[in-house]
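Trainee: Heads up: the sequence shown is residues 0 to 274, going by numbering that gives the first Met the number 0. From the three backbone atoms N, C-alpha and C, an ideal C-beta is built for every residue, glycine too.
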Amino acid sequence: MRLTGRIAIVTGGARGIGAGIARCLAAEGAKVGIVDIDGAEAEKTAASLGVAAVGVAADASEVDAIAAATARIHAELGGLDIFVNNAGAGTGVIRPEEIPTGPGLENLPQVSWDSQLANNLRTTFAGCRAAIPRLRARGGGAIVNIASIAGLMPSPQLAAYGAAKAGVVHLTKSLALELGPSNIRVNAICPGFLWTRAWEGLATMMKLTRAELSAMEPREIFLAMVKQATPLGREQTPEDIGKLVCFLASDDAINITGQEIKVDGGITLRTGAGV
0 MRLTGRIAIV TGGARGIGAG IARCLAAEGA KVGIVDIDGA EAEKTAASLG
50 VAAVGVAADA SEVDAIAAAT ARIHAELGGL DIFVNNAGAG TGVIRPEEIP
100 TGPGLENLPQ VSWDSQLANN LRTTFAGCRA AIPRLRARGG GAIVNIASIA
150 GLMPSPQLAA YGAAKAGVVH LTKSLALELG PSNIRVNAIC PGFLWTRAWE
200 GLATMMKLTR AELSAMEPRE IFLAMVKQAT PLGREQTPED IGKLVCFLAS
250 DDAINITGQE IKVDGGITLR TGAGV
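#1: If the criterion is Cβ atoms closer than 9 Å, does the pair Val9 and Gly15 meet it?
#2: Whose C-alpha, out of Ile240, Gly179 and Pro99, is nearest the C-alpha of Cys23?
#3: Along the chain, where does the alpha helix (DSSP H) containing Glu97 start, and where does it finish?
#4: Do Gly28 and Thr44 have their beta-carbon atoms positioned less than 9 Å apart in this structure?
#5: Can you tell me where the alpha helix (DSSP H) with Arg128 in it begins and where it stops?
#6: Can you tell me which of Ala68, Thr256, Glu97 and Leu48 puts its alpha carbon nearest to the alpha carbon of Ile188?
#7: Give me the residue from Ala248, Lys261 and Glu259 with the minimum Cα distance to Arg1.
#8: Considering Val50, what are the terminal residues of the alpha helix (DSSP H) in which it resides?
#9: So what does DSSP say about Glu234, is it helix, strand or coil?
#10: According to DSSP, what are the bridge partners of Ile145?
#11: Looking at Glu238 and Gly12, is the spacing between their C-beta atoms short of 9 Å?
#12: What are the partner residues of Val83, as DSSP defines its beta bridges?
#13: How long is the line joining the alpha carbons of Phe246 and Ala252, rounded to whole angstroms?
#14: Distance check for Leu212 and Thr122, CA to CA, integer angstroms please.
#15: Answer with buried or exposed for Lys30, where buried requires no fewer than 16 other C-beta atoms within 10 angstroms of its C-beta.
#16: Looking only at its own chain, which residues have a Cβ that is under 6 Å from the Cβ of Ala56, when we skip the five neighbours before and after it?
#17: Please report the straight-line C-alpha distance between Asn144 and Leu120, rounded to a whole angstrom.
#18: Output yes or no for whether 9 Å exceeds the beta carbon distance between Val168 and Ala197.
#19: Below 8 Å, can you find three or more Cβ-Cβ pairs linking the stretch 255-269 to the stretch 176-195?
#20: Which residues bound the beta strand (DSSP E) around Glu259?
#21: To the nearest angstrom, how far is it from the Cα of Ala46 to the Cα of Ala162?
#22: Got a sec? Which residues, its chain only, sit under 8 Å from Gln235 by beta carbon, not counting five neighbours each side?
#23: Closest by CA to Gln156, which one among Glu219, Thr171 and Ile98?
#24: Since I believe Ile148 is in contact with Val185 (beta carbons under 8 Å), could you give me their beta-carbon distance rounded to a whole number of angstroms?
Take a look at the structure:
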């Protein structure tokens, strides 16, 4: 097992992609701390891993909250070697005030823009800020930021989300330069289409704002997009992302830093394949 004796933190790790990442890290021998706004679910997922693990309730978009959660996990598990910034927006519930009044950026409510930036970019900033001094004190380590192919391709339907995830990619590269001398590697993973609460929320928003999709269920919208956009013709899974996280966190990737790696079934090979 490649990660035996190492200690990892996964934000947004209670379910979905984060839980898949946590399972893969545990399977490779790591101790795992899970941070999630849903503390009960974080504890439940941690208890299911079969390794030394702890679940902590915290809002990953708040600097003080994620710093406190990181300190607690560091104390309980005995250190920190790997930090995975996975937390992002995605409850599957769309608040009425976030629904655009029409197509285009001019109809996007500010509350929706602010929410996307806070939940998909500030979370990464807060997590990195909490992790860096502990990784530096450890003599090095790995940060893996979960971005999205939406941060690499322009899409009129995902302007706010895409801008936030593009920021994650840029922050990843900037930190790779800053932290390389401290033996801290920083990489980003850009998932494609995975059926998570975030995608459920997006598909629900599309159903509400695009007349041609109004008769479809969110899952149907998602599967239609997978079929249309993905050369391999299949959706990605949380374990697809988790396995790559394990590689990037291991000594097998000792000379890989500052990269954004797509796990998308080939979606981004198609020019203009925005959502």
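Mentor: Per the coordinate set shown:
#1: Position 10 of the sequence shown, counting from 1, holds the residue named residue 9. Position 16 of the sequence shown, counting from 1, holds the residue named residue 15. Inclusion of Val9 and Gly15 in the CB contact set at 9 Å is not warranted, their separation being larger than that value.
#2: By 1-based counting over the sequence shown, the position of residue 23 is 24. It is Ile240 whose Cα lies nearest to the Cα of Cys23.
#3: Residue 97 sits at position 98 when you count from the first residue of the sequence shown. That residue, Glu97, is in no alpha helix (DSSP H); it is neither H nor E in DSSP.
#4: Counting from 1 along the sequence shown, the entry for residue 44 is found at position 45. Counting from 1 along the sequence shown, the entry for residue 28 is found at position 29. The answer is no: Cβ separation not under 9 Å.
#5: Numbered from 1 along the sequence shown, position 129 holds the residue referred to as residue 128. Its alpha helix (DSSP H) spans residues Thr122 to Arg137.
#6: Residue mapping note: residue 188 aligns to position 189 of the sequence shown, counting from 1. Of the candidates Ala68, Thr256, Glu97 and Leu48, Thr256 places its Cα closest to the Cα of Ile188.
#7: Start at 1 with the first residue of the sequence shown, and residue 1 comes out as number 2. Measuring C-alpha to C-alpha distances from Arg1 to each of Ala248, Lys261 and Glu259 identifies Ala248 as the nearest.
#8: To locate residue 50, count along the sequence shown from 1; it is residue 51. Taken as a continuous stretch (DSSP letters only), Val50 belongs to no alpha helix (DSSP H), as it is neither H nor E.
#9: Position 235 of the sequence shown holds residue 234. Annotated three-state conformation of Glu234 is coil, per DSSP.
#10: As a first step, residue 145 must be located in the sequence shown, where it is residue number 146. Partner(s): Ile188.
#11: Within the sequence shown, residue 12 is the residue found at index 13, counting from 1. Within the sequence shown, residue 238 is the residue found at index 239, counting from 1. Their beta carbons are not under 9 Å apart, which means Gly12 does not touch Glu238 by this criterion.
#12: By 1-based counting over the sequence shown, the position of residue 83 is 84. DSSP output for Val83 lists Val9 and Val143 as bridge partner(s).
#13: Looking up residue 246 in the sequence shown gives position 247. Looking up residue 252 in the sequence shown gives position 253. Approximately 6 Å between the Cα atoms of the pair.
#14: Start at 1 with the first residue of the sequence shown, and residue 122 comes out as number 123. Start at 1 with the first residue of the sequence shown, and residue 212 comes out as number 213. Leu212 has its alpha-carbon roughly 31 Å from the corresponding atom of Thr122.
#15: The count along the sequence shown starts at 1 and reaches residue 30 at position 31. By the 10 Å Cβ count, Lys30 comes out buried.
#16: One-based indexing of the sequence shown puts residue 56 at position 57. For Ala56, where only same-chain residues beyond five positions count, the Cβ hits under 6 Å are Gly38.
#17: Position 145 of the sequence shown holds residue 144. Position 121 of the sequence shown holds residue 120. Between the C-alpha atoms of Asn144 and Leu120 there is a straight-line separation of about 10 Å.
#18: In the sequence shown, the residue the question calls residue 168 occupies position 169. In the sequence shown, the residue the question calls residue 197 occupies position 198. Cβ distance not < 9 Å, so Val168 and Ala197 don't count as in contact.
#19: yes
#20: Indexing the sequence shown from 1 puts residue 259 at position 260. Glu259 to Val262 is the extent of the beta strand (DSSP E) around Glu259.
#21: Numbered from 1 along the sequence shown, position 47 holds the residue referred to as residue 46. Numbered from 1 along the sequence shown, position 163 holds the residue referred to as residue 162. Between Ala46 and Ala162, the C-alpha separation is close to 35 Å.
#22: Here residue 235 refers to the residue found at position 236 when the sequence shown is read from its first residue. Within the same chain, Gln235 has close Cβ partners Pro190, Gly191, Phe192, Leu193, Val262, Asp263 and Gly264.
#23: What you label residue 156 is simply residue 157 of the sequence shown in a count that begins at 1. Looking at the Cα atoms, Ile98 is the closest of the given residues.
#24: As a position in the sequence shown, residue 185 is number 186, starting the count at 1. As a position in the sequence shown, residue 148 is number 149, starting the count at 1. Rounded, the Cβ-Cβ distance is 19 Å, inconsistent with contact.
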